[in-house]
Amino acid sequence: MSQAPSGPVKPASSPDLNNTTVDPEVGLTAVEVADRVSRGLTNDTPDPKSRSYGSIIRANTLTSFNLVIGTMWVLMIIARSPFQDSLFGVVIVVNAAIGTFQEIRAKLTLERLSVLGEARPVVRRGGSDQEVSPKEVVLDDIILLRTGDQIVVDGVVRTTVGMEVDESLLTGEADPVHKHPGDALMSGSFVVAGDGTMQATKIGEASYATQLTAAARTFTVARSELMTSTMRFVRTITWVLIPLGILLFVSQ
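Just so we're aligned, residue -15 is where the sequence shown starts under the working numbering, counting upward by one.
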């Protein structure tokens, strides 16, 4: 489970051009793009959507309750107790398998939805326009913006024809913002009118949307009052099971 970040992530106060000016009619050349890719100046960022498979398996199997019940199960097997007396151990396997399966299925579903909803920006390189994935955008890329486009990286407006941007998801401001050449653009906002071009100035983990998403998707366990009471009961039962397990092993 995840919860919203404790405080807002502040956007950059002004765009960072890195002292590089790119002709919006030409864009970067193939050599310049290759140079930036070799230096890692791309919009490729670690996936913050969910936990890894290993952490999911560990979270559903390596628990104190499973440890106690599993130990008792092993001891019962060592003592060669009747088969029906050892059936309680199956609960561990089934419970861990169900929890792991459900969380992995949810992880895969979210990743598929993310791919379907991924924006496909159009960049201008060497005077020609081409559609790329957000991860293929490099620093200083000239990105074409049209009505309905999502802005995938932070940047600065280079040319505009009546372009207005909806930044309500980021700033809470309901009215679209009219943009002029030199104005800053934040990733995560949308073009709602006009068109123009922008130059990418902050990409990857430095972009506003990536920082906001990473903060919002940081995995934290949300504890409700019911869950807290249930876990307290489980811990109590766990401690009671330890001496009972020892007595049961000795009796066998």
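Quick reminder that beta carbons are idealized off the backbone N, C-alpha and C, glycines included.
Source: prediction; values computed, not measured.
### Query
Per DSSP, A168 is paired with what?
V140
### Query
Near E115, which residues of its chain fall below 6 Å by C-beta distance, leaving aside the five closest residues on each side in sequence?
R104 and V106
### Pick from M215, E151 and R64 that is closest to V234, judged by C-alpha positions
R64
### Message
Taking 8 Å as the threshold (C-beta atoms), are G172 and A158 in contact?
### Response
no
### Query
For K91, which three-state DSSP category applies?
helix
### Query
For P118, does the count of other Cβ atoms within 10 angstroms reach 16, so buried, or fall short, so exposed?
buried
#### Entry: Within 8 Å, strictly: CB atoms of D179 and V145
yes
### Any C-beta of chain B under 8 Å from that of R108
Here chain B cannot be found, since the structure has a single protein chain.
### Message
Taking 6 Å as the limit between beta carbons, can you name the residues of its chain near T181, skipping five residues before and five after?
### Response
P8, I126, L128, R142 and T143
### Task
Look at the Cβ atom of V121, then the Cβ atom of M147, and state whether they are nearer than 8 Å.
no
### Query
What is the C-beta distance between T45 and A80, in whole angstroms, given that I count them as a contact (C-beta under 8 Å)?
5 Å
### Message
Mapping the DSSP letters down to three states, classify I82 as helix, strand or coil.
### Response
helix
### Task
State yes or no: is the C-beta of D124 within less than 8 Å of the C-beta of A184?
yes
### Message
If I measure Cβ to Cβ from V17 and keep anything under 7 Å in the same chain, skipping five residues before and after, which residues do I get?
### Response
R109 and V122
### Message
Here's the rule: buried if 16 or more other CB atoms are within 10 angstroms of the residue's CB, otherwise exposed. What is T212?
### Response
exposed
### Task
Go through its chain and collect everything with a Cβ distance to I41's Cβ below 7 Å, but skip five positions before and after it.
T84
### Message
In the DSSP assignment, the beta strand (DSSP E) including V175 goes from what residue to what residue?
### Response
F174 to K186
### Query
Ends of the alpha helix (DSSP H) at R20?
A14 to S22
### Query
Starting from I53 and walking both ways along the alpha helix (DSSP H), at which residues does that stretch end?
S48 to I62
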